[in-house]
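Presented below is the structure to which this report refers.
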Amino acid sequence: MAGRVEGKIALITGAAQGLGEAIARMLAREGARVVLTDINIDKAKRVAADIGADRAVALAHDVTSEAAWIDTIAKGVAAFGGLHVLVNNAGISAGTTVTETSFEDWKKVHEVDLDSVFLGCKYAIPEMAKTVKATGLGGSIVNISSIAGIIAGHNSAAYNSAKAGVRHLSKSVALHCAKQKTGIRSNSVHPVFIKTPILDNIVQRFGEEEGYAKLGRQIPLGHIGEPDDIAYAVLYLASDESKMVTGAEIKVDGGISAM
Ligand SMILES: NC(=O)c1ccc[n+]([C@@H]2O[C@H](COP(=O)([O-])OP(=O)(O)OC[C@H]3O[C@@H](n4cnc5c(N)ncnc54)[C@H](O)[C@@H]3O)[C@@H](O)[C@H]2O)c1
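Note that our numbering has the sequence shown beginning at 475, numbered continuously upward.
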């Protein structure tokens, strides 16, 4: 049986671990060839090798660098002969209030979490449009924002700002791509707490069981999520099942934003 993204080529940033790794594995399982990029190239290479050399490659890539984006898109396109799907996933968290946050940290969070998404869209769209035209398969940009891009917290000034920026930028990109008839859609995904190394601080402070339980108590469903909860949402958006969905925000949040 054909996979849900059979024949597509996808590039996933921050794919060495956590959500990016789960997304890369899921898209590959469903028939895509995947380009995994990360600053942690050794770990990204191990994941790519595990997926299989015929389906996956790993590239060293700092998403904050414009030159690195130009180079990575060129290498990514060359790897499998095109690009249909871009998943802007790489990101860092930051848990400080507006008065505690240094200007340096503010800029760093926006560089990694928001500027990267702008650069990725800017340099991937022309290549994706060519591949979509040549193959007849739909193009899709999936930007991993956060539920923190919709609901603010007193101690997440920079993260709230950057992730809200990702949400709105995704809509602007969606309208541009639609107007230009590129065949590319753009959407954002908004996870609540998910079990990945991004939660290491909490785990170190409270231990894994109590740390995860503490976060889970804030969520109506009563527990935090698994990486595949997000990978399934990305799979839907990457596939042509979602061909009418653009400029949308998919919340995978256990109900927290319904309160
Ligand atoms: N896990 C959660 O609870 C959660 C919730 C909401 C949103 N998110 C978002 O999901 C995305 C993935 O998070 P995760 O939980 O997998 O985190 P993670 O820390 O486990 O993984 C992030 C990956 O991004 C890479 N990375 C960091 N800076 C980079 C850079 N400058 N260039 C390239 N790669 C870089 C890291 O090396 C790492 O492999 C992030 O954008 C994060 O903000 C996560």
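Just so you know, even glycine gets a beta-carbon here, dropped at the ideal spot from N, CA and C.
Please look up how many angstroms separate the CB atoms of residue i and residue j, rounded, as I've assumed it's under 8 Å.
| i | j | result |
| --- | --- | --- |
| serine 620 | leucine 711 | That belief does not hold up - the Cβ atoms of serine 620 and leucine 711 are roughly 16 Å apart, past 8 Å. |
| methionine 602 | histidine 558 | 6 Å |
| asparagine 629 | glycine 569 | 5 Å |
| proline 694 | isoleucine 730 | 6 Å |
| alanine 636 | histidine 697 | Going by Cβ atoms, the distance from alanine 636 to histidine 697 rounds to 26 Å, so no, they are not a contact pair. |
| serine 662 | glutamate 723 | 5 Å |
| alanine 439 | aspartate 524 | Not covered by the structure: residue 439. The range shown for the chain is 475 to 733. |
Should residue i and residue j be called a contact, given that it needs their Cβ atoms to be closer than 8 Å?
| i | j | result |
| --- | --- | --- |
| valine 521 | leucine 485 | no |
| valine 640 | glycine 657 | no |
| glutamine 491 | threonine 670 | yes |
| serine 660 | valine 647 | yes |
| leucine 643 | asparagine 563 | no |
| threonine 533 | threonine 546 | Residue 533 is actually leucine in this sequence, not threonine. The answer is yes: Cβ separation under 8 Å. |
| arginine 503 | serine 713 | no |
| glycine 594 | tryptophan 543 | yes |
| lysine 717 | glycine 612 | yes |
| alanine 498 | alanine 530 | yes |
| glycine 685 | arginine 691 | no |
Please name the residue, chosen from the options, that lies closest to residue i on a Cα-to-Cα basis.
| i | options | result |
| --- | --- | --- |
| histidine 664 | Ser646, Ala648, Asp536 and Gly699 | Gly699 |
| glycine 565 | His535, Gly729, Gly556 and Glu574 | His535 |
| valine 666 | Phe577, Lys717 and Asp727 | Asp727 |
| asparagine 417 | Cys595, Asp714, Ser567 and Ala502 | There is simply no residue 417 to check, as the chain begins at 475 and stops at 733 in what is shown. |
| alanine 553 | Ile483, Met500 and Glu504 | Ile483 |
| glutamate 426 | Gly696, Thr605, Cys651 and Ala631 | Nothing in the structure corresponds to residue 426, since the chain is present only between 475 and 733. |
| alanine 608 | Gly477, Gly696, Gly481 and Met475 | Gly481 |
| asparagine 617 | Glu585, Thr487 and Asp516 | Thr487 |
| aspartate 703 | Ala496, Val479, Gly627 and Met475 | Ala496 |
| aspartate 587 | Thr570, Ile730, Ser576 and Val537 | Val537 |
| glycine 627 | Glu723, Gly612 and Thr571 | Thr571 |
| glycine 526 | Arg679, Arg507, Leu611 and Ala542 | Arg507 |
| lysine 604 | Asp579, Ser539 and Lys655 | Lys655 |
| valine 591 | Glu683, Glu540 and Ala652 | Glu540 |
| cysteine 651 | Lys581, Pro600 and Ala638 | Pro600 |
| glycine 550 | Trp580, Tyr597 and Asp589 | Tyr597 |
| aspartate 528 | Gly681, Gly505, Ile625 and Ala705 | Gly505 |
Just curious, the alpha helix (DSSP H) that residue i is in, first and last residue?
| i | result |
| --- | --- |
| isoleucine 693 | From DSSP, isoleucine 693 is part of no alpha helix (DSSP H); its letter is neither H nor E. |
| glutamate 495 | 492-503 |
| glycine 621 | According to the sequence as given, residue 621 is isoleucine; it is not glycine. It is not in any alpha helix (DSSP H) - isoleucine 621 carries neither H nor E in the DSSP assignment. |
| leucine 485 | Careful: leucine 485 lies outside any alpha helix (DSSP H), inside the beta strand (DSSP E) at 483-487. |
| leucine 709 | 701-712 |
| arginine 679 | 674-680 |
List the endpoints of the continuous beta strand (DSSP E) containing residue i.
| i | result |
| --- | --- |
| proline 665 | 658-665 |
| valine 509 | 507-512 |
| alanine 631 | Counting along the chain, alanine 631 falls outside any beta strand (DSSP E), though it belongs to the alpha helix (DSSP H) covering 631-653. |
| lysine 517 | Run containing lysine 517: none in the beta strand (DSSP E); it sits in the alpha helix (DSSP H), 515-525. |
| isoleucine 724 | 723-726 |
Using a Cβ-Cβ distance under 8 Å, would residue i count as near chain D?
| i | result |
| --- | --- |
| valine 666 | Any reference to chain D falls outside this structure, which holds one protein chain only. |
**Item:** Completely contained beta strand (DSSP E) runs for the stretch 535-619, where each covers 3 or more residues
**Value:** Taking 3 residues as the minimum length, the beta strand (DSSP E) runs contained wholly in the stretch 535-619 are 559-562 and 613-618, in order along the chain.
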